[in-house]
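Per the working numbering, the very first residue in the sequence shown carries number 132; after that it's consecutive.
For each residue, glycine too, the CB sits at the ideal point set by N, CA and C.
Remember, predicted model here, so these are calculated numbers, not experimental data.
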Amino acid sequence: MREELASNNTRGDGIDMWSRKCKGRKTLHLDAGSSSARHSYRQIGGEAMTRAAGTFLLALAVLATGASAGQFKKAAYYRAGMLPSQVVTGDLNNDGNVDLAFADWLSNQLVILLGNGDGTFQEPITIRAPSPTSLAVGDLDGDGNLDLAVVESGGSGSGALAVYLGEGNGKFHLKATYRLGAHAGVVTVADFNGDGHLDVAAGDEGKGSSGVVRIFLGTGKGTLRKPTTYKVGAWLGLMAAGDLNGDHFPDLAVTGPMDGSVVVFLNDGTGKFLKPVTYNAGGGEVVDVKIADLRNDGKQDLVIANLSQGMVVLLNQGNGTFGKPAIYRPCAGQCSAGPTACAVADFNLNGKLDVACSASIDDSYLFYGKGDGTFGLAIAIADTIKTQGGYSIASGDFNHDGAPDLAIPIENYGKVAILLNTQ
Ligand SMILES: [Ca+2]
Ligand SMILES: [Ca+2]
Ligand SMILES: [Ca+2]
Ligand SMILES: [Ca+2]
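Here it is, written out as structure tokens:
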């Protein structure tokens, strides 16, 4: 079944931003080193294996198991549409269990997997949505049910921002749709103007270097006001909202995928944004950014997935400005591909934030944080994504044991890998 799904997943010619980006990522991700290493491992594992080689392999296996399964159980897989590109978490049916929502671009739907609270998930619920590429979760109408803000890229020359209101049972209905540019790609929600109503930021990568961010202020009723548009001056990838300068108003960090940078927009305290400042995020292709307080000093730092370099940290200098990038490379061997997305959480429950990153080929990997903004070496997390495309990652406690777990959509297999924390 899974193989059938995979073989049906040929992308048509109506290619949108997301799939173009994915294709680019796949090209970049080809890594001869790791595949040849795996190949030789299989070769050695044949009948002619000597006792000495067997002992060697056993030692290798123990090493690998200790590194990955020490923190996460073997992945369990669930169907999640045809081409689940992005995943977000939230309690979508108000039962106290973390649920998952996916943008499933190929089959024109959103996919909801309700959590059972024991780390397992129910059969998918699907909601029609034209070519969704990105989604964010938040209560946009203030009724206590989480809603979805979705960027839809119809391939018809213009994108749209759609609000789907949650019904509190895992089902959603379309409330309103707003026009975006032709290259709309990403969305995030936050209360940018501090009026108690969630607002929506939607990014449009534009053409060449004309990316824009549109800020739609929320009315609190699930509808949005006319947007204010800000130029990014670069191609534009994913973005995150968080208070970067300590004034309690959410700011924005936006990746510039093609010039290796991250662009920071500071909120002026009214929901308007100051001139953006661009920071070096290691060069190469920057594809994801998360905001987190890595040093537990009240200053929010940036955790960046740089496909070309590795996981990149930019520490906050205290006022929403950032220093030089610290680059943490993917692990050698089984996880040598650059990260496509990262999730920040305290995976080993030592009070220090860690970072888990997905990769589109090879295994995902984990960096343990030291609590001072620095991290240890990458450790492989066995998720058997192989070459099937893991372009997103989200964490949440799926089984109520207090330890954050991981969800990684495996795009080309139409499924999601669930990795439960063994901590
Ligand atoms: Ca739930
Ligand atoms: Ca709601
Ligand atoms: Ca607001
Ligand atoms: Ca857990």
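query                                                                                                     : result
Proximity test, ASP226 beta-carbon vs ligand 2 heavy atom, cut-off 8 Å                                    : no
Start-to-end residues for the beta strand (DSSP E) that takes in PRO456                                   : Looking at the DSSP string, PRO456 is not in any beta strand (DSSP E), and its letter there is neither H nor E.
Rounded C-alpha distance that separates LEU446 from GLY429                                                : 12 Å
Under the three-state DSSP convention, the category GLU542 falls into                                     : helix
Counted within 10 angstroms of its Cβ, other Cβ atoms place HIS314 as buried (16 or more) or exposed      : buried
Neighbourhood of MET489 by C-beta, 6 Å cutoff - its chain only, sequence neighbours within 5 removed      : With the sequence shown as reference, residue 489 is identified as Ser, and Met is not the correct amino acid for it. These residues qualify, in order along the chain: THR471, ALA472, SER495, GLY521, ILE524 and ILE539.
Reduced DSSP category for GLY391 - H, G, I as helix; E, B as strand; rest coil                            : coil
LEU279 CB to nearest heavy atom of ligand 1 below 8 Å                                                     : no
Ligand 3 site residues, beta-carbon cut 6 Å against heavy atoms                                           : ASP322, PHE323, ASN324, ASP326, HIS328, ASP330, LEU348 and GLY349
Counted within 10 angstroms of its Cβ, other Cβ atoms place GLY250 as buried (16 or more) or exposed      : buried
Residue burial classification, ALA207 (beta-carbon count within 10 angstroms, cutoff 16)                  : exposed
Which listed residue (ARG356, ASN300 and PRO388) has its alpha carbon closest to that of ASN411           : PRO388
Touch test, the region 424-439 against the region 348-362, Cβ-Cβ under 8 Å, three pairs minimum           : no
Enclosing beta strand (DSSP E) for PRO215 [first to last residue]                                         : 215-221
Where PHE529 falls: helix, strand or coil (DSSP)                                                          : coil
Euclidean distance between Cα positions of ARG210 and LEU231                                              : 12 Å
Classification of VAL318 by the beta-carbon crowding that lies within 10 angstroms, buried from 16 upward : buried
Selection from LEU292, ASP322 and LYS403 that minimises the alpha carbon distance to GLY312               : LEU292
Buried versus exposed call for ASN481 [16 or more other C-beta atoms within 10 Å across all chains shown] : exposed
Near ligand 4: ASN552 beta-carbon under 8 Å from a heavy atom                                             : yes
Supposed contact pair ILE516 and LEU497 - C-beta distance, whole angstroms, cut 8 Å                       : The Cβ separation is near 15 Å, so there is no contact.
Proximity test, SER547 beta-carbon vs ligand 1 heavy atom, cut-off 8 Å                                    : Residue 547 is actually Val in this sequence, not Ser. No, ligand 1 has no heavy atom inside 8 Å of this Cβ.
Whole-number beta carbon distance between ILE492 and ALA468, since they are thought to touch under 8 Å    : 5 Å
6 Å CB neighbourhood of ARG460 in its chain, flanking five on each side removed                           : GLY441
Delimiting residues of the beta strand (DSSP E) encompassing ALA315                                       : 315-321
CA nearest to the CA of PHE203, picked from ASP528, GLY368, ASN450 and SER284                             : ASP528
Beta-carbon spacing of ILE258, LEU245 below 9 Å                                                           : no
Three-state class that DSSP yields for PHE498 in the structure shown                                      : strand
Per DSSP, the bridge partner or partners of LYS517                                                        : Answer is none; LYS517 lacks a bridge partner.
Top-ranked residue by Cα proximity to PRO381, from CYS466, ASP399, ASP390 and SER238                      : ASP399
Test item: CB-CB of LEU367 and ASP335 under 9 Å                                                           : yes
Proximity test, ALA207 beta-carbon vs ligand 4 heavy atom, cut-off 8 Å                                    : no
Enclosing beta strand (DSSP E) for ALA472 [first to last residue]                                         : 472-476
Contact test: VAL268 Cβ vs ligand 1 heavy atom, cutoff 8 Å                                                : no
Distance between VAL363 and GLY297 (C-alpha atoms, nearest Å)                                             : 32 Å
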